[in-house]
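Reviewing the structure listed below.
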Amino acid sequence: MSDDNLLIDATTKIFEDLCDPQNINAAKDDSWKQLLWNALEESGLTSAWVPEEFGGAGASISDGFSIIEVAGKFAVPIALPETLLGGWLLSNANISVPKGIMAVAPTRPRDKVTIHSNGTLYGQVRGVPFASEADHIVAAIEDAVSTKVALVAKNNCEIKSFSGLSGDPRDTILFDNVDAISIQELEGDLSYRSVKLMGATIRSLQIGGALMAILELATEHAKTRVAFEKPIAKFQAVQHNLAKLANETAAAVAVANSAADTLANSPDNEQAIFFEASSAKIRTGEAVGEGTAIAHQVLGAIGFTEEHILHRFTQRLWDWRDDFGNESEWAVELGALIAENGPDELWPLLTTR
19 MSDDNLLIDA
29 TTKIFEDLCD
39 PQNINAAKDD
49 SWKQLLWNAL
59 EESGLTSAWV
69 PEEFGGAGAS
79 ISDGFSIIEV
89 AGKFAVPIAL
99 PETLLGGWLL
109 SNANISVPKG
119 IMAVAPTRPR
129 DKVTIHSNGT
139 LYGQVRGVPF
149 ASEADHIVAA
159 IEDAVSTKVA
169 LVAKNNCEIK
179 SFSGLSGDPR
189 DTILFDNVDA
199 ISIQELEGDL
209 SYRSVKLMGA
219 TIRSLQIGGA
229 LMAILELATE
239 HAKTRVAFEK
249 PIAKFQAVQH
259 NLAKLANETA
269 AAVAVANSAA
279 DTLANSPDNE
289 QAIFFEASSA
299 KIRTGEAVGE
309 GTAIAHQVLG
319 AIGFTEEHIL
329 HRFTQRLWDW
339 RDDFGNESEW
349 AVELGALIAE
359 NGPDELWPLL
369 TTR
């Protein structure tokens with residue numbers, strides 16, 4: 019993760035001013051979305067992973083991860099992480115990065131996009147975050163010999179709008195002989211799995227950030243909510259639950275940051291990246307289940323109301339848990355790696371991290 023406090027402070031300030039969860043929860047319409055996006059775009063945060071020669075900010079991988087974690091802390095309901103990932107993909111395929119919002123597909127392990135012999139795209143992908151709100155779709159395409167990246171205008175696709183548990187778009191995209199603006203191969207050692215691991219790490223960081231926010235919400239509520247003439251934070255059962263929530267949060271943040279650090283500083287170590295990123299998605303997914311249940315238990319009925327902001331975090335956590343592979347899907351892949359390497363390699367793999 020980045021140590022650039024100025025970047026973190028600047029990102030936090032934009033979200034405090036334009037994406038405070040309480041203000042968004044009380045907003046009568048979505049007009050705030052464009053104001054927020056304009057501020058993020060003008061500050062260069064939406065193009066952080068785009069090199070300067072492509073017109074972007076040219077920030078480091080660590081800097082982008084810091085932006086994403088802060089976005090998680092505010093449960094940001096716009097496609098900032100998706101646009102960052104799209105810019106990273108396009109840049110690594112030497113495709114010019116357009117302005118505006120981007121969605122990335124696929125996000126489900128079983129969904130595929132293929133290229134016809136005539137160069138058009140075909141396939142159906144489900145649960146794509148913010149596809150209906152995007153200007154462009156960035157598709158990762160795996161074939162027998164390489165991984166390709168396609169940039170597609172949203173209006174060239176058929177998009178069926180669906181909402182996730184959070185109410186944010188989780189759309190189905192139908193590519194039916196769709197012409198792409200550009201299709202190029204991913205450069206270097208990047209592969210289709212690299213795209214999945216990058217997406218999984220992004221979601222793990224968002225989950226860690228959001229868990230920090232709900233831990234603070236639950237703790238503050240316990241301090242001020244009075245029952246039987248004393249704050250509920252004085253009750254041992256509540257203290258125990260808050261300690262468990264703190265533990266789940268600490269574990270999620272630690273494993274997500276470890277995966278981010280490995281991606282940023284050991285980009286050529288494919289096995290280490292897979293081990294770290296898959297472990298992060300597994301552990302943060304488990305933390306979502308435990309952490310959201312505890313937070314809602316501490317807040318009681320008020321936490322389920324539309325007026326309270328807790329649901330803005332917990333419902334997005336439930337959505338993020340499934341994006342780019344859930345914990346069960348990654349556990350199968352991680353287990354296969356351990357079995358392939360054999361028992362003698364497990365301890366060195368753990369202790370060298």
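Counting from 19, one number per residue, gives the positions in the sequence shown under the working numbering. Glycine included, every Cβ here is placed at the ideal spot set by N, Cα and C.
Residue i: first and last residue of the uninterrupted beta strand (DSSP E) it sits in
{"i": "residue 226", "result": "Residue 226 -> not in any beta strand (DSSP E); alpha helix (DSSP H) instead, spanning 210–242."}
{"i": "residue 194", "result": "188–196"}
{"i": "residue 178", "result": "176–178"}
Residue j beta carbon less than 9 angstroms from that of residue i
{"i": "residue 93", "j": "residue 240", "result": "no"}
{"i": "residue 224", "j": "residue 89", "result": "yes"}
{"i": "residue 309", "j": "residue 345", "result": "no"}
{"i": "residue 105", "j": "residue 66", "result": "yes"}
{"i": "residue 175", "j": "residue 191", "result": "yes"}
{"i": "residue 211", "j": "residue 339", "result": "no"}
{"i": "residue 154", "j": "residue 170", "result": "yes"}
{"i": "residue 162", "j": "residue 131", "result": "no"}
{"i": "residue 113", "j": "residue 100", "result": "no"}
{"i": "residue 87", "j": "residue 226", "result": "yes"}
{"i": "residue 182", "j": "residue 217", "result": "no"}
{"i": "residue 279", "j": "residue 80", "result": "yes"}
{"i": "residue 328", "j": "residue 313", "result": "yes"}
{"i": "residue 352", "j": "residue 297", "result": "yes"}
{"i": "residue 326", "j": "residue 43", "result": "yes"}
{"i": "residue 15", "j": "residue 189", "result": "The structure shown does not extend to residue 15, since the chain is modelled only from 19 through 371, so no value can be given for it."}
{"i": "residue 166", "j": "residue 133", "result": "yes"}
{"i": "residue 260", "j": "residue 236", "result": "yes"}
{"i": "residue 332", "j": "residue 277", "result": "no"}
{"i": "residue 73", "j": "residue 115", "result": "yes"}
{"i": "residue 207", "j": "residue 286", "result": "yes"}
{"i": "residue 232", "j": "residue 263", "result": "yes"}
{"i": "residue 319", "j": "residue 267", "result": "no"}
{"i": "residue 59", "j": "residue 117", "result": "yes"}
Residue i classed as buried or exposed, judged by whether at least 16 other C-beta atoms fall within 10 angstroms
{"i": "residue 337", "result": "buried"}
{"i": "residue 55", "result": "buried"}
{"i": "residue 365", "result": "exposed"}
{"i": "residue 317", "result": "buried"}
{"i": "residue 27", "result": "exposed"}
{"i": "residue 294", "result": "buried"}
{"i": "residue 322", "result": "exposed"}
{"i": "residue 128", "result": "exposed"}
{"i": "residue 341", "result": "buried"}
{"i": "residue 135", "result": "exposed"}
{"i": "residue 49", "result": "exposed"}
{"i": "residue 270", "result": "buried"}
{"i": "residue 343", "result": "buried"}
{"i": "residue 246", "result": "exposed"}
{"i": "residue 368", "result": "exposed"}
{"i": "residue 354", "result": "exposed"}
{"i": "residue 273", "result": "buried"}
{"i": "residue 29", "result": "buried"}
{"i": "residue 198", "result": "buried"}
{"i": "residue 347", "result": "buried"}
{"i": "residue 359", "result": "exposed"}
Residue span of the alpha helix (DSSP H) that contains residue i, given as start and end
{"i": "residue 328", "result": "328–340"}
{"i": "residue 201", "result": "Unbroken run through residue 201 is the beta strand (DSSP E), 200–203; no alpha helix (DSSP H)."}
{"i": "residue 184", "result": "It is not in any alpha helix (DSSP H) - residue 184 carries neither H nor E in the DSSP assignment."}
{"i": "residue 311", "result": "288–317"}
{"i": "residue 207", "result": "Premise fails: residue 207 is in no alpha helix (DSSP H) and is neither H nor E."}
{"i": "residue 31", "result": "23–36"}
{"i": "residue 356", "result": "345–359"}
{"i": "residue 279", "result": "254–283"}
{"i": "residue 369", "result": "364–369"}
is_contact[residue i, chain B] using C-beta, thresh 9 angstroms
{"i": "residue 23", "result": "Note that chain B does not occur in the displayed structure, where there is just one protein chain."}
Cβ separation of residue i and residue j, assumed to be a contact under 8 angstroms, to the nearest whole Å
{"i": "residue 91", "j": "residue 230", "result": "6 angstroms"}
{"i": "residue 85", "j": "residue 51", "result": "About 18 angstroms separates the two Cβ atoms, so there is no contact after all."}
{"i": "residue 157", "j": "residue 139", "result": "7 angstroms"}
{"i": "residue 282", "j": "residue 83", "result": "7 angstroms"}
{"i": "residue 98", "j": "residue 125", "result": "With a Cβ gap of about 15 angstroms, residue 98 and residue 125 do not count as contacting."}
{"i": "residue 213", "j": "residue 107", "result": "7 angstroms"}
{"i": "residue 24", "j": "residue 36", "result": "Going by Cβ atoms, the distance from residue 24 to residue 36 rounds to 19 angstroms, so no, they are not a contact pair."}
{"i": "residue 209", "j": "residue 179", "result": "At roughly 31 angstroms, the Cβ-Cβ gap does not stay under 8 angstroms, so residue 209 and residue 179 are not in contact."}
{"i": "residue 70", "j": "residue 76", "result": "4 angstroms"}
{"i": "residue 215", "j": "residue 292", "result": "6 angstroms"}
Cβ-heavy atom distance, residue i to the ligand SAH, below 8 angstroms
{"i": "residue 155", "result": "With respect to the ligand SAH, the structure shown offers nothing to examine, as it has no ligands at all."}
* Jot down the residue ranges of each uninterrupted alpha helix (DSSP H) in the stretch 39–93, minimum 4 residues, whole runs only, in chain order. => If one requires a minimum length of 4 residues, the alpha helix (DSSP H) runs lying completely within the stretch 39–93 are 39–44, 49–60, 79–91, in chain order.
* Segments assigned beta strand (DSSP E), at least 3 residues, entirely inside the stretch 93–174 -> The stretch 93–174 contains these whole beta strand (DSSP E) runs: 120–123, 139–147, 154–160, 165–171.
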